[in-house]
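Enquirer: Numbering (the working numbering), first residue to last: 1017 to 1632.
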Ligand code: M6R
């Protein structure tokens, strides 16, 4: 939530920051702003409500002579969407400009303290308080050197409770930029006589692939040719320089009208990436080098607890079905936000697995911290190399799905489904699963990208179904067993991008309440690919049809249903049961996408949402 860009170096700062903000817009997009230090060492500040492009109404980036600046695209937490609440925030006496991602929890205490010191405030934000707190401590310093700038920020942050990614400018230090982090991601790109600070690599990768990921409670003070990183307690930090492993083109939309559309179409390649290097030499089992640190502990584990949010939580629910079925290990799936505050009894042989596309979701990070505090081994599954989850977990698996920019998760979700199915079979092969079962899974895994390509050919058909139903205001999504998480995911996609109320249920659960909603106006999307239990699903279908509810079926060809008995019938290719949910998900993604288009919604930037949820 919220995107930050900061620059100090040889290039004109304003165009680079503006372009960087556009790359980060998926993190928040209700208002934006840019603050610069001009050649005469004074500040210039531009802010507007709306998208980053709306900044062009008040300034022309190419006319600025600045080489140092900060920018921000906001997802409002404290204070309504307004120009005054937009970042950067200027301190009361005008010495500092600051952009912030995160939440200052003790903002009331800090504000009272500053009010007693005769500070006044123009905005409703917690960020302005921080700008003033830094200024207050700066004015206690003996000099106006960069070292005093650093000390003032350290002192202020020592009084802060909460999360922050910060970029700060000080008018007395016109050649310096300061960045700090606690709980909100921030990285520093290292270029040729330049440094770029950003919330994620998308804003940096055009200029350099060399980055440092700041850690919690670290502060970086930089000029064009110098970078000093230390802790809040002034201990020097020697940070590791990492290489971003994807190209700028991967973060572009290409020929596609929306990122979501592009990302749906990338799913075959994403599965290839998820599989690469993860198949045993005898083709009978997945393998994961990243899990090696756990050694033989896998054999001792008697319970796995998954923690995640949103779509990643749905992927974990899928893992519960698969791991219990193939490896006979009891699994629980927790909302990360709940796990943190629950006193869930865990045994000594429990393994905790956190799953997060971004690797930065605050609720998931909090669950991870709680699990570690209680001494449990924690495995991470994430898409973002260098993310907090990748650094804080004991070991893990990277998704290698490439940057996911669309706010609605698509390729990252199916990649998680694939990796978790592989994990289930990996654990199964360590325990009960025999060689031939393992081989048949691996064969299906290798054929999966081709079957995804075949499933993508269904787009036109699904677009026509959306045309028939786009005015419906509520939907049910039903599926049994491994298709229940797909039903949940299909409903979430429709809610978040088409703003249509949708609820996912296990198919049979429908008659315990949701059936009251069924009518001509409430279509039901049913996923049915398990022939053995189809007669039960057929009963549910009849119950809905008896109440005039339209049925949209997503099924494999072997399902014995007369297509004329549903209003729409989508046939997907058949694959191994552990992988079938991946193929079943694709029609749900297309359906939400085409519903959103027809309803005039902004597919990639749905209202009220942001891609990476870094607040509680
Ligand atoms: O980055 P994460 O996987 O941790 O994100 C978790 C959720 O915020 C995310 O899946 C969200 O629900 C998406 N908007 C779903 O499309």
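Note that beta-carbon positions come from the ideal geometry of N, C-alpha and C, so glycine has one too.
Just verifying my parser: in three-state terms, what is the DSSP assignment at residue 1066?
Expert: As a working mapping, residue 1066 is identified with position 50 in the chain shown. Looking at residue 1066 - three-state DSSP - the assignment turns out to be coil, as it is neither helix nor strand.
Enquirer: When the distance is taken between beta carbons, is residue 1324 closer than 7 Å to residue 1398?
Expert: Here residue 1398 corresponds to residue number 382 of the chain shown, with the count starting at 1. Here residue 1324 corresponds to residue number 308 of the chain shown, with the count starting at 1. Their beta carbons are not under 7 Å apart, which means residue 1398 does not touch residue 1324 by this criterion.
Enquirer: Answer with buried or exposed for residue 1241, where buried requires no fewer than 16 other C-beta atoms within 10 angstroms of its C-beta.
Expert: To locate residue 1241, count along the chain shown from 1; it is residue 225. Answer is exposed; the Cβ neighbour count stays below 16.
Enquirer: Considering only C-alpha positions, which residue in the set 1130, 1110, 1102, 1034 is nearest to residue 1117?
Expert: As a working mapping, residue 1117 is identified with position 101 in the chain shown. It is 1102.
Enquirer: If you measure between the beta carbons of residue 1215 and residue 1433, is that distance less than 7 Å?
Expert: By 1-based counting over the chain shown, the position of residue 1215 is 199. By 1-based counting over the chain shown, the position of residue 1433 is 417. No. Outside cutoff.
Enquirer: Tell me which residues pass a beta-carbon proximity test against the ligand M6R: closer than 5 Å to any heavy atom, given in chain order.
Expert: Residues with a Cβ closer than 5 Å to any heavy atom of the ligand M6R, in chain order: 1325, 1326, 1327, 1328, 1372, 1373, 1374, 1377, 1424, 1425, 1629.
Enquirer: With DSSP run on the structure shown, which of helix, strand or coil describes residue 1187?
Expert: Your numbering for residue 1187 matches position 171 in the chain shown. Residue 1187: coil per DSSP, three-state reduction.
Enquirer: Specify the secondary structure class of residue 1459 as computed by DSSP and reduced to three states.
Expert: The count along the chain shown starts at 1 and reaches residue 1459 at position 443. Residue 1459 falls in the helix class under three-state DSSP.
Enquirer: Between which two residues does the alpha helix (DSSP H) containing residue 1089 stretch?
Expert: Within the chain shown, residue 1089 is the residue found at index 73, counting from 1. Careful: residue 1089 lies outside any alpha helix (DSSP H), inside the beta strand (DSSP E) at 1084-1090.
Enquirer: Is residue 1410 near residue 1394, with beta carbons less than 7 Å apart?
Expert: For this step, residue 1410 is matched to residue 394 along the chain shown. For this step, residue 1394 is matched to residue 378 along the chain shown. Yes. Within cutoff.
Enquirer: What does DSSP give as the partner residue(s) for residue 1245 in the beta ladder?
Expert: For the purposes of this step, residue 1245 is taken as the residue at position 229 of the chain shown. According to DSSP, residue 1245 bridges with 1236.
Enquirer: Go to residue 1420, then tell me how far its alpha helix (DSSP H) extends in each direction, as first and last residue.
Expert: Mapped onto the chain shown, residue 1420 falls at position 404. Residue 1420 -> no alpha helix (DSSP H), and no H or E assigned at all.
Enquirer: How is residue 1148 classed by DSSP in three states: helix, strand or coil?
Expert: Walking along the chain shown from the start, residue 1148 turns up at place 132. Residue state, collapsed to three classes: helix.
Enquirer: What ranges does the alpha helix (DSSP H) occupy inside the region 1303-1384, keeping only unbroken runs of at least 4 residues that lie completely in it?
Expert: Within the region 1303-1384, the complete alpha helix (DSSP H) runs of at least 4 residues are 1313-1316, 1326-1343, 1352-1355.
Enquirer: Considering only the beta carbon of each residue, do residue 1018 and residue 1044 sit closer than 7 Å?
Expert: Here residue 1018 refers to the residue found at position 2 when the chain shown is read from its first residue. Here residue 1044 refers to the residue found at position 28 when the chain shown is read from its first residue. Yes; because the gap between Cβ atoms is below 7 Å, this pair is in contact.
Enquirer: With 16 other CB atoms within 10 Å as the buried threshold, where does residue 1495 fall?
Expert: Stepping through the chain shown from its first residue, residue 1495 is reached at position 479. Residue 1495 comes out buried.
Enquirer: Here's the rule I'm using: 16 or more other beta-carbon atoms within 10 Å means buried, otherwise exposed. How should residue 1448 be labelled?
Expert: What you label residue 1448 is simply residue 432 of the chain shown in a count that begins at 1. Exposed, by the Cβ-count rule.
Enquirer: DSSP on residue 1625, reduced to helix/strand/coil?
Expert: As a working mapping, residue 1625 is identified with position 609 in the chain shown. Residue state, collapsed to three classes: coil.
Enquirer: Should residue 1376 be counted as a contact of the ligand FMN given a C-beta to heavy atom distance under 6 Å?
Expert: As presented, the structure is devoid of the ligand FMN, carrying the ligand M6R as its sole ligands.
Enquirer: Indicate the three-state DSSP secondary structure (helix, strand or coil) for residue 1048 in the structure shown.
Expert: One-based indexing of the chain shown puts residue 1048 at position 32. It is a strand residue.
Enquirer: Could you give the distance in angstroms between the alpha-carbon of residue 1640 and the alpha-carbon of residue 1347?
Expert: Absent from the model: residue 1640. The displayed extent of the chain is 1017 to 1632, so no value can be given.
Enquirer: For residue 1471 versus residue 1291, is the C-beta distance shorter than 7 Å?
Expert: The residue you call residue 1471 lines up with position 455 of the chain shown. The residue you call residue 1291 lines up with position 275 of the chain shown. No, they are not a contact pair.
Enquirer: Would you call the CB atoms of residue 1168 and residue 1153 closer than 7 Å?
Expert: Locating residue 1168 in the chain shown gives position 152, where the first residue counts as 1. Locating residue 1153 in the chain shown gives position 137, where the first residue counts as 1. Cβ distance < 7 Å, so residue 1168 and residue 1153 count as in contact.
Enquirer: Spatial neighbours of residue 1505 within its chain, please: CB distance less than 7 Å, with the 5 preceding and 5 following residues excluded, ordered by chain position.
Expert: Position 489 of the chain shown, counting from 1, holds the residue named residue 1505. For residue 1505, where only same-chain residues beyond five positions count, the Cβ hits under 7 Å are 1327, 1330, 1429, 1601, 1604.
Enquirer: In this structure, what does DSSP give as the bridge partners for residue 1478?
Expert: Position 462 of the chain shown holds residue 1478. None, per the DSSP bridge assignment.
Enquirer: Have a look at 1082, 1063, 1080, 1056 and flag the residue whose alpha-carbon is nearest the alpha-carbon of residue 1073.
Expert: Within the chain shown, numbered from 1, the residue matching residue 1073 stands at position 57. Of the candidates 1082, 1063, 1080, 1056, the one whose C-alpha sits nearest the C-alpha of residue 1073 is 1063.
Enquirer: Under a Cβ-count criterion, where at least 16 other Cβ atoms within 10 Å of its own Cβ denotes burial, should residue 1177 be classed as buried or exposed?
Expert: Residue mapping note: residue 1177 aligns to position 161 of the chain shown, counting from 1. Label assigned to residue 1177: exposed.
Enquirer: Quick check on this structure: which residue in 1341, 1305, 1252 has the alpha carbon closest to the alpha carbon of residue 1453?
Expert: Here residue 1453 corresponds to residue number 437 of the chain shown, with the count starting at 1. Out of 1341, 1305, 1252, 1341 has the C-alpha closest to the C-alpha of residue 1453.
Enquirer: Look at the alpha carbon of residue 1033 and the alpha carbon of residue 1021, and state the distance between them as a whole number of angstroms.
Expert: For this step, residue 1033 is matched to residue 17 along the chain shown. For this step, residue 1021 is matched to residue 5 along the chain shown. Between residue 1033 and residue 1021, the C-alpha separation is close to 6 Å.
Enquirer: Quick one: what does DSSP say residue 1633 is sitting in, helix, strand or coil?
Expert: Because the chain spans 1017 through 1632 in this model, residue 1633 falls outside it and cannot be assessed.
Enquirer: Using 8 Å as the threshold, is the region 1110-1130 in touch with the region 1182-1189, meaning 3 or more CB pairs across them?
Expert: With a cut-off of 8 Å, the region 1182-1189 and the region 1110-1130 count as touching, because enough Cβ pairs lie within range.
Enquirer: For residue 1207, does the three-state DSSP call read helix, strand or coil?
Expert: One-based indexing of the chain shown puts residue 1207 at position 191. In the structure shown, residue 1207 sits in a strand (DSSP, three-state: E or B).
Enquirer: Measuring alpha carbon to alpha carbon, tell me which of 1110, 1280, 1105, 1370 ends up nearest residue 1058.
Expert: Walking along the chain shown from the start, residue 1058 turns up at place 42. Nearest of 1110, 1280, 1105, 1370 to residue 1058, Cα basis: 1110.
Enquirer: Does the count of Cβ pairs from the region 1528-1537 and the region 1562-1573 closer than 8 Å reach three?
Expert: Yes: the two stretches touch, three or more of their Cβ pairs being nearer than 8 Å.
Enquirer: Could you give the DSSP three-state label for residue 1543: helix, strand or coil?
Expert: Residue mapping note: residue 1543 aligns to position 527 of the chain shown, counting from 1. Residue 1543: strand per DSSP, three-state reduction.
Enquirer: Could you tell me the distance, in whole angstroms, from the CA atom of residue 1172 to the CA atom of residue 1616?
Expert: Taking the first residue of the chain shown as 1, we reach residue 1172 at position 156. Taking the first residue of the chain shown as 1, we reach residue 1616 at position 600. Their backbone Cα atoms lie some 45 Å apart in a straight line.
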